[in-house]
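Input: a single structure, listed below in structure tokens.
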Amino acid sequence: DQASFEMVCMDHANNLKELIDFLDLKKVILIVHDWGGPIGIGCFLKVPDRVSNLVILNSTVFPFPKTGMTYENYPSKQLPWTNIPKIIPNNLWGAFASYAIFYNPEDPQELISSLPNLLATARDTGAFMENENSTQKFFREQFGSEKNVMSSKRLVLQTEFWGTGNTYEEPNLGERDTTPFYRFIQDNIRKNWGPNGQNIGVRAVLGKWDPSAKDEVIQQWKNNLPQLEGYVKTFEKAGHFIEEIEPEAIANSILEVANLK
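Terminal number for the sequence shown in the working numbering: 1418, no gaps in between.
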């Protein structure tokens, strides 16, 4: 499948809503990562009774605190995540994306210094790494479509406005505003899923080398879903793509929140 325009979270949430209605899903254990937070939660809050539990993996649905690590200074001030779509050519975006999901350096400066060589390798081989594994290859191949590349880049450009929303110009659709989408989530998450609502089970498994796992963001989750208190697992040496680093911890949290252990 491929995007027909530069899709953002509210578009994916609408698509997901059509699917869950068609399948008539109930008692869902909702596991969210990255943009899957706004997408999944933004979708299911329209039908909140369908969710029984929530597992959070390096994601947020709240306005990003500007203190400390943000996507405007991560992985480094010289190469912030929000600028990467402007630097990586479209034809190498898949190679970069499939590399980034496994990238977890001790020193962020390493990425900046190695980027020219990585780009040169990608131009020659189509990949950033010589020994690309099957998961990376599978992930990269979706970006053989120019429309998918542009849609993916649009999401990265939106990172600066994660949790707040913004107005932007979409080439095919014109002016769009994502602000009401986030307001809906923030107005309804505690009311529907917090202690005075359904009081769903909540767990979090987070790689700490990532803005979405900093203490201020964790506190936002706890403020809105207080039942998360005491159920946050963090891994200091893991980054944003925690599922590639700690799959067993995630599986255990799913079993635990669903009372299957």
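The beta carbon of each residue, even a glycine, is placed where N, CA and C say it ideally should be. The model shown is predicted, which means the values in this text are computed figures rather than measured ones.
Taking the straight line between their C-alpha atoms, what separation do you get for isoleucine 1411 and glycine 1358? Position 254 of the sequence shown holds residue 1411. Position 201 of the sequence shown holds residue 1358. Cα to Cα, the separation comes out at about 10 angstroms.
Touching or not, the segment 1275-1283 and the segment 1247-1254, by the rule of three or more beta carbon pairs under 8 angstroms? yes
Classify phenylalanine 1398 as helix, strand or coil using the three-state DSSP reduction. If you number the sequence shown from 1, residue 1398 lands on position 241. Phenylalanine 1398 falls in the coil class under three-state DSSP.
Using 8 angstroms as the threshold, is the segment 1213-1226 in touch with the segment 1236-1246, meaning 3 or more CB pairs across them? no
Just list the residues that DSSP pairs threonine 1391 with in beta bridges. If you number the sequence shown from 1, residue 1391 lands on position 234. According to DSSP, which records beta bridges pairwise, threonine 1391 is partnered with Leu1363.
Do you know how far the Cα of tryptophan 1192 is from the Cα of threonine 1227? Position 70 of the sequence shown, counted from the first residue, corresponds to residue 1227. Position 35 of the sequence shown, counted from the first residue, corresponds to residue 1192. Near 15 angstroms, if we compare the C-alpha coordinates of tryptophan 1192 and threonine 1227.
Endpoints, the alpha helix (DSSP H) within which threonine 1292 is located: The residue you call residue 1292 lines up with position 135 of the sequence shown. Taken as a continuous stretch (DSSP letters only), the alpha helix (DSSP H) holding threonine 1292 covers 1291-1298.
The segment 1377-1393 / the segment 1230-1241 touching (three or more Cβ pairs under 8 angstroms): Contact between the segment 1377-1393 and the segment 1230-1241 is not established, with fewer than three Cβ pairs separated by less than 8 angstroms.
Closest to glutamate 1163 by CA distance: which of Val1313, Glu1403, Arg1347 and Arg1207 is it? Here residue 1163 refers to the residue found at position 6 of the sequence shown. Of the candidates Val1313, Glu1403, Arg1347 and Arg1207, the one whose C-alpha sits nearest the C-alpha of glutamate 1163 is Val1313.
Does DSSP classify glutamate 1327 as helix, strand or coil? Against the sequence shown, residue 1327 aligns to sequence position 170. Correct three-state label for glutamate 1327: strand.
Using the C-alpha atoms, what's the distance from valine 1189 back to aspartate 1367? For the purposes of this step, residue 1367 is identified with residue 210 of the sequence shown, where counting begins at 1. For the purposes of this step, residue 1189 is identified with residue 32 of the sequence shown, where counting begins at 1. The alpha-carbon atoms of aspartate 1367 and valine 1189 are separated by roughly 15 angstroms.
With DSSP as the reference, please indicate the residues paired to glycine 1358 in a beta bridge. Counting from 1 along the sequence shown, the entry for residue 1358 is found at position 201. Per DSSP, Asn1210.
For phenylalanine 1341, I'd like the list of residues in its chain whose CB is within less than 8 angstroms of its CB, leaving aside the five on either flank, ordered along the chain. Working through the sequence shown from its first residue, we reach residue 1341 at position 184. Cβ neighbours of phenylalanine 1341 beyond the five flanking positions: Gly1199 and Leu1202.
Just mark leucine 1176 as buried or exposed, buried being the case when its beta carbon has 16 or more other beta carbons within 10 Å. Here residue 1176 refers to the residue found at position 19 when the sequence shown is read from its first residue. By the neighbour-count rule (16 or more Cβ atoms within 10 Å), leucine 1176 is not buried but exposed.
Using 7 angstroms as the threshold, is the C-beta distance between glycine 1320 and tyrosine 1339 below it? Counting from 1 along the sequence shown, the entry for residue 1320 is found at position 163. Counting from 1 along the sequence shown, the entry for residue 1339 is found at position 182. The answer is yes: Cβ separation under 7 angstroms.
Give me the Cβ distance between lysine 1365 and alanine 1395, rounded to the nearest whole Å; I'm assuming they're in contact under 8 angstroms. Position 208 of the sequence shown, counted from the start, is the residue given in the question as residue 1365. Position 238 of the sequence shown, counted from the start, is the residue given in the question as residue 1395. 7 angstroms between Cβ atoms; contact.
When we look at the beta-carbon of glutamate 1403 and count the other beta-carbons within 10 Å, is it buried (16 or more) or exposed? Start at 1 with the first residue of the sequence shown, and residue 1403 comes out as number 246. It counts as buried.
Residues bridged to glutamate 1332 (per DSSP): The sequence position of residue 1332 within the sequence shown is 175, counting from 1. Listed as beta-bridge partners of glutamate 1332 by DSSP are Glu1326.
Simplified DSSP state of leucine 1236, which is helix, strand or coil: Translated into positions along the sequence shown, residue 1236 becomes position 79. Leucine 1236 falls in the coil class under three-state DSSP.
Would a C-beta distance cut-off of 7 angstroms place isoleucine 1399 and valine 1389 closer than the cut-off? For the purposes of this step, residue 1399 is taken as the residue at position 242 of the sequence shown. For the purposes of this step, residue 1389 is taken as the residue at position 232 of the sequence shown. Not closer than 7 angstroms, so no.
Based on the DSSP secondary-structure assignment, which residues constitute the bridge partners of leucine 1187? On the sequence shown, residue 1187 is found 30 positions in, with the first residue counted as 1. Partner(s): Leu1211.
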